[in-house]
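Below: one structure, written as structure tokens.
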Amino acid sequence: SGTAHWLDDVQVHELEPHLHPGVIGGWWFPEDASVDARRLTCSLRAACVEAGVQFLSGEEYAATSLEISGAKCNGVRMKSGKIFTAKSVVVANGSWMRDLLPVPITPHKGQSFSLRMPSGQPPLLSRVLFAQ
């Protein structure tokens with residue numbers, strides 16, 4: 001959520017002067033933010049391991065269903081048939097969440113990349129951009 005502003009060609013080039021001259025406008029979300037997903041994931045994993053979390057990977061650990069008792073989820077069934085129970089379950093499997101829960105999430109293909117500018121050169125863009 002947050003505010004959104006449509007910018008015409010002049011406004012969008014004032015905000016990001018290095019955009020192609022053919023850009024005729026765009027949406028600006030001033031409250032939008034981004035993180036380096038790789039660094040965030042590595043940091044979260046390190047903190048979890050330090051707290052005693054054990055990570056299990058491989059096809060046999062793919063979640064196939066949730067164990068529901070009344071209105072509460074108390075476990076996850078794996079492809080191997082093994083069930084892991086817990087007081088709390090966090091479902092965080094991104095665009096595959098609909099495989100486990102009836103939620104209105106539709107995956108969309110997207111691309112992202114990061115550029116490292118030569119030493120001493122300012123970045124070409126000052127914010128994350130989304131385009132179609």
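In UniProt numbering, the protein residues as written are 1 to 132. Quick reminder that beta carbons are idealized off the backbone N, C-alpha and C, glycines included. Fair warning: this is a prediction, and the values are worked out from it, not measured in the lab.
Nearest-angstrom Cα separation, counted from residue j out to residue i
i    : j    : result
L19  : H108 : 24 angstroms
Q121 : I24  : 27 angstroms
Q54  : R98  : 25 angstroms
H73  : S88  : The residue asked about is misnamed: residue 73 is Cys in this sequence, not His. Cα to Cα, C73 sits roughly 7 angstroms from S88.
L101 : S43  : 28 angstroms
M117 : G22  : 24 angstroms
Span of the beta strand (DSSP E) around residue i
i   : result
V12 : Where V12 is concerned, there is no enclosing beta strand (DSSP E), although the alpha helix (DSSP H) it sits in stretches over D9 to L15.
T85 : I83 to T85
R77 : K72 to M78
Inter-residue CB distance, residue i and residue j (contact presumed, cutoff 8 angstroms)
i   : j   : result
E60 : K79 : 6 angstroms
Residue i: first and last residue of the uninterrupted alpha helix (DSSP H) it sits in
i   : result
L66 : Per DSSP, L66 belongs to no alpha helix (DSSP H); it is in the beta strand (DSSP E), A63 to S69.
Cβ shell of residue i (< 8 angstroms), same chain only, five flanking positions each side left out
i   : result
A62 : M78 and K79
G75 : L66, E67, I83, F84, T85, A86 and V89
D32 : G2, R127 and V128
Check whether residue i and residue j have beta carbons under 7 angstroms apart
i   : j    : result
W27 : A46  : no
E16 : L125 : yes
Spatial neighbours of residue i in its chain, beta-carbon cut-off 7 angstroms, leaving aside the 5 residues before and after
i   : result
S95 : I105 and P107
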